[in-house]
Amino acid sequence: MRGRYRWRQLHSIKELRTNPNSYPSKKTLTQRRHNDKPRPVGDSDIKQWNMAISYYMRNSQLDSALHFFNLMPRRSSVSYNAMISGYLMNGRFDLARNLFDEMPERDLVSWNVMISGCVRNNNLAAARELFEEMPERDVVSWNAMLSGYAQNGCIDEARKIFDRMPCKNSISWNALLATYVQNGRMEEACRLFESKLDWDLVSWNCLMGGFVKKKMLVDARRVFDRIPFRDKISWNTIITAYAQNGEIEEARRLFNESPVRDVFTWTAMVSGFVQNGLVDEARETFEQMPQKNAVSWNAMIAGYVQCKRMDMARNLFDKMPFRDVTTWNTMITGYAQSGEIAHARDFFDRMPRRDPVSWAAMIAGYAQSGYSEEALRLFVDMKRDGERLNRSSFASALSTCAHIAALELGMQLHGQLVKAGYESGSFVGNALLLMYCKCGGIEEACSAFEEIMEKDIFSWNTMISGYAIHGFGKEALKILESMKAAGFKPDDTTMFFTRVVYCFRSEYCQLVVMEYFYSMNQDYGITANLQHYNCMVDLLGRAGRLDETQKLIRNMPFEPDAATWGALLGASRIHGNTKLAEMAAKLIFEMEPENAGMYVLLSNLYAASGRWADVSKMRLKMRDTGVKKVPGCSWLEVQNKIHTFSVGDSCHPDRDKIYAYLEELDLKMKREGYVSSIKLILHDVDEEEKEHMLKYHSEKLAVAYGILSIPAGRPIRVMKNLRVCEDCHNAIKYISKIVGRLIILRDSNRFHHFREGSCSCGDYW
Numbered sequence: 133m134r135g136r137y138r139w140r141q142l143h144s145i146k147e148l149r150t151n152p153n154s155y156p157s158k159k160t161l162t163q164r165r166h167n168d169k170p171r172p173v174g175d176s177d178i179k180q181w182n183m184a185i186s187y188y189m190r191n192s193q194l195d196s197a198l199h200f201f202n203l204m205p206r207r208s209s210v211s212y213n214a215m216i217s218g219y220l221m222n223g224r225f226d227l228a229r230n231l232f233d234e235m236p237e238r239d240l241v242s243w244n245v246m247i248s249g250c251v252r253n254n255n256l257a258a259a260r261e262l263f264e265e266m267p268e269r270d271v272v273s274w275n276a277m278l279s280g281y282a283q284n285g286c287i288d289e290a291r292k293i294f295d296r297m298p299c300k301n302s303i304s305w306n307a308l309l310a311t312y313v314q315n316g317r318m319e320e321a322c323r324l325f326e327s328k329l330d331w332d333l334v335s336w337n338c339l340m341g342g343f344v345k346k347k348m349l350v351d352a353r354r355v356f357d358r359i360p361f362r363d364k365i366s367w368n369t370i371i372t373a374y375a376q377n378g379e380i381e382e383a384r385r386l387f388n389e390s391p392v393r394d395v396f397t398w399t400a401m402v403s404g405f406v407q408n409g410l411v412d413e414a415r416e417t418f419e420q421m422p423q424k425n426a427v428s429w430n431a432m433i434a435g436y437v438q439c440k441r442m443d444m445a446r447n448l449f450d451k452m453p454f455r456d457v458t459t460w461n462t463m464i465t466g467y468a469q470s471g472e473i474a475h476a477r478d479f480f481d482r483m484p485r486r487d488p489v490s491w492a493a494m495i496a497g498y499a500q501s502g503y504s505e506e507a508l509r510l511f512v513d514m515k516r517d518g519e520r521l522n523r524s525s526f527a528s529a530l531s532t533c534a535h536i537a538a539l540e541l542g543m544q545l546h547g548q549l550v551k552a553g554y555e556s557g558s559f560v561g562n563a564l565l566l567m568y569c570k571c572g573g574i575e576e577a578c579s580a581f582e583e584i585m586e587k588d589i590f591s592w593n594t595m596i597s598g599y600a601i602h603g604f605g606k607e608a609l610k611i612l613e614s615m616k617a618a619g620f621k622p623d624d625t626t627m628f629f630t631r632v633v634y635c636f637r638s639e640y641c642q643l644v645v646m647e648y649f650y651s652m653n654q655d656y657g658i659t660a661n662l663q664h665y666n667c668m669v670d671l672l673g674r675a676g677r678l679d680e681t682q683k684l685i686r687n688m689p690f691e692p693d694a695a696t697w698g699a700l701l702g703a704s705r706i707h708g709n710t711k712l713a714e715m716a717a718k719l720i721f722e723m724e725p726e727n728a729g730m731y732v733l734l735s736n737l738y739a740a741s742g743r744w745a746d747v748s749k750m751r752l753k754m755r756d757t758g759v760k761k762v763p764g765c766s767w768l769e770v771q772n773k774i775h776t777f778s779v780g781d782s783c784h785p786d787r788d789k790i791y792a793y794l795e796e797l798d799l800k801m802k803r804e805g806y807v808s809s810i811k812l813i814l815h816d817v818d819e820e821e822k823e824h825m826l827k828y829h830s831e832k833l834a835v836a837y838g839i840l841s842i843p844a845g846r847p848i849r850v851m852k853n854l855r856v857c858e859d860c861h862n863a864i865k866y867i868s869k870i871v872g873r874l875i876i877l878r879d880s881n882r883f884h885h886f887r888e889g890s891c892s893c894g895d896y897w
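Structural data, given as structure tokens:
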């Protein structure tokens, strides 16, 4: 052996590449280094060392590579570059930078490798600093910086680098073109494209794809027609564009014209038919495919799922020769959306492998089917299993918290999603906003709203409705004005929520809502629908303008429905107009003979007028038609546990303490001037019995338990499944003043914020 470390004679290049064990071990090399006599080291020896370093780096054996590097008797810049590249390849930017700084002499490759590493590590500032320090630059250096600015969204800076480049190659031009396209700046992309003639096919496809992404089909087609030579990607892109944008016939024509078809071309047509609701055509195309991949099968199964044809979806699933996680997720979603939650769970349990989408689909299925506890339990299981919590799983869990008004758990989820970095996105941000609005945390909702970086129309509508149903009408109208100032045009949902502002008993708010109603067609192009008219019936009726309300009903361009007459019945009860109430009730019973709420409203009106015979008739009519009143219940969350109460509840473990405290509160309230609303009792009994029956309503029990269990200074949040009765509403106002606590009650209609003896609704609910 001629050289001290020349082992090429013992291990040929071919053997080294095919048998990694042929490389001398660290021990062998160390022994050779100490035992052999010093001999000159040539370039071929260094090359073998560098090859060994590169091999170990490619296989993530960083320690072995470093050991070889340290044993080298002489190192070249290539040796350093191999180590730096290897560190960067394995995500060790810190080690790469340290070694770069220690290099005795750097060549152009060293600088370019390190700049590219800074870019990949999202350290644009360091890349810029190194770039400016370079003694000389080549096109690779400039392209690395151009790529860095592009990846970080600094489009204008990327253009400045491009303009400064002394020499550009196709990579430079394509990088800037792709930057414009990926950021939706198609006008600048077109100007750049027209400034050069010899674009390659990748560039043409890139520009066309940008127009497709922006749904600019005319421009995409213009580019397609100009392409000098089209490949499969060109045809697939334009076919997919037409198919996904509702122009399925043009997509079909291009598909038939296409000289080259692969599995992606066929799949594009299958997906296009599915997205346009043409499932039978999709199946026909699917059956004609010469070969199918997982995407094709999944597209066809998804088509049946969208049409709720789960039997056909299951049939395809069973025939599918290879299933991936998307296949299983599609079936789970389909069964969940069809209300077959047991089948969805069966598929979930049988999955060979789950991803975050699987968990999110199952959690959403439980939440949408009303299985709130199961949804939250599965969310906890997902976290316990170490699965990455994604936006969909957070949104589903937050939606469940909103449904059952579990604010404390929702706040814990808020903390987790902040750690995950999801709170500023509109998808999860909107779910968080809705959760706070529905759980009574309007201040927290306002903060969540401000934290959403890119608000969409749903964000604005949710905040408007949140303020409105909490009784803060003026704040709701301010948000509406801010929404318009931000460039968002109110839609029919906005106008629907705006009507809720009537909950704030203010003549100003009522006038503004009426103004929006009568001008929304002219100002926003929104045609009033039946919902909007029903809102106005409710608004005018509650304001006591019953004649105007009836005129509006007679003149509206729709046939009144049960909700229309229900709003009139409710207004008649408030203002004691029995005759009008009876007329509205008669029409409601014809449309919805099983509407228990309307029977109760009319019975309340009869009871308040002392017409006990009519109350009895209502009760008999309900019995004869099989109508049952929904039992009222109230609940609140204490230390992550939901406590539920019904009227006269005797099942709660702290019932004795609760009842004793209510008796104490009753005495204090009467001293303050409280008088029971015994007219609400639908039984012809003496006043003392009526008063006793009112005392233990579910919302009073829940409020009493909240005062006893929730520390002072924190709001008491109670939920009720029905509209809060007049007596409880009055009593809780007195209680809030006596105990000095904020009590937030959500009933079936709205939120009530009780503070210092008054309610945010202004007694207008």
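Be aware that the sequence shown starts at 133, since it is given in my numbering, and climbs by one per residue.
C-beta atoms are modelled at their ideal positions from N, C-alpha and C, and glycine is treated no differently.
Just so you know, these numbers come straight off a predicted model, no measurement behind them.
Asked	Found
Check whether the stretch 777 to 795 touches the stretch 864 to 871, counting contact only when three or more Cβ pairs, one atom from each stretch, lie closer than 8 Å.	no
Quick one: what's got a C-beta closer than 7 Å to Thr-311's C-beta in the same chain, skipping five residues either side?	Ala-282, Ile-287 and Ala-290
Would you call the stretch 873 to 883 and the stretch 781 to 791 touching, i.e. three or more CB-CB distances under 8 Å?	no
Ala-600 to Leu-833, Cα distance in whole Å?	27 Å
Give a yes or no on contact between the stretch 211 to 224 and the stretch 243 to 261, applying the rule of three or more CB pairs nearer than 8 Å.	yes
Would you say Ile-359 and Met-401 are within 8 Å of each other, going by their C-beta atoms?	no
Mind checking whether Ala-563 and Ser-591 have CB atoms under 8 Å apart?	no
Quick one, are the C-beta atoms of Ile-433 and Leu-410 less than 8 Å apart?	no
Scan the stretch 265 to 317 and note each continuous alpha helix (DSSP H) run of 4 residues or more that stays entirely inside, going in chain order.	271 to 283, 287 to 296 and 302 to 314
Roughly how many angstroms lie between the CA atoms of Gln-407 and Thr-465, to the nearest whole one?	17 Å
Less than 7 Å between C-beta atoms, sequence neighbours within five positions excluded: which residues of the same chain meet that for Asp-456?	Ala-426
Can you give me the C-alpha to C-alpha distance between Asp-786 and Ala-534, rounded to a whole angstrom?	27 Å
Helix, strand or coil: which one does DSSP assign to Met-183?	helix
In or out: Tyr-155 buried (at least 16 other Cβ within 10 Å) or exposed?	Reliability of the predicted coordinates at Tyr-155 is poor, the pLDDT of 49 falling under 50, and the value obtained from them is presented with this limitation in mind. So Tyr-155 counts as buried.
Measure how close the beta-carbons of Asn-862 and Ser-809 come, nearest whole angstrom, since I'm counting them as under 8 Å.	7 Å
Could you give the uninterrupted runs of the beta strand (DSSP E) lying entirely in the stretch 840 to 875, keeping only those of 3 residues or more?	848 to 852
Per the contact definition of three or more C-beta pairs closer than 8 Å, is the stretch 675 to 682 in contact with the stretch 650 to 662?	no
Drop a sphere of 10 angstroms on the beta-carbon of Pro-453, count the other beta-carbons inside from all chains shown, and report buried for 16 or more, exposed for fewer.	exposed
Going by DSSP, which residues form a beta bridge with Cys-891?	Phe-886
Quick check: what's the CA-CA separation for Asp-859 versus Tyr-828?	11 Å
Tell me which residues share the same chain as His-602 and place their Cβ nearer than 7 Å to its Cβ, disregarding the 5 neighbours each side in the sequence.	Ile-574, Phe-883, His-885 and Ser-892
What residue range does the beta strand (DSSP E) around Leu-768 cover?	765 to 770
Roughly how many whole angstroms lie between the Cα atoms of Glu-234 and Asn-253?	20 Å
Among the residues of its own chain, which have a CB less than 8 Å from the CB of Met-615, if the five just before and after it don't count?	Trp-592, Ile-596, Pro-622 and Thr-626
Is the beta carbon of Ala-307 less than 8 Å from the beta carbon of Leu-278?	yes
Is Thr-681 helix, strand or coil when you go by DSSP?	helix
Kindly identify the DSSP beta-bridge partner or partners of Ser-778.	Cys-765
Take the Cβ of Tyr-650 as the centre, count every other Cβ of all protein chains shown within 10 Å, and call the residue buried at 16 or more, exposed below.	exposed
If contacts are defined as beta-carbon pairs under 8 Å, then Met-189 and Ala-228 qualify, I think. What distance do you get, rounded to the angstrom?	No, Met-189 and Ala-228 are not in contact; Cβ-Cβ is about 11 Å, not under 8 Å.
Please report the straight-line C-alpha distance between Asp-624 and Arg-509, rounded to a whole angstrom.	36 Å
What would DSSP say about Lys-159, mapped onto helix, strand or coil?	The pLDDT assigned to Lys-159 is 49, lower than 50, so where the model puts this residue is not dependable, and the model offers no usable value.
Below 8 Å CB to CB, which residues in the same chain sit around Ala-552 once its five sequence neighbours on both sides are set aside?	Leu-521 and Phe-526
From Arg-329 to Gly-561, what does the alpha carbon distance come to, in whole angstroms?	Reading off the sequence shown, one finds Leu at residue 329, where the question assumed Arg. Looking at the two C-alpha atoms, the distance is approximately 46 Å.
Compute the Euclidean distance between the alpha carbons of Ser-335 and Leu-309, then round it to the nearest angstrom.	8 Å
Per DSSP, what are the beta-bridge partners of Leu-877 in this structure?	Val-850 and His-884
Which residue comes first and which comes last in the alpha helix (DSSP H) that contains Pro-488?	488 to 500
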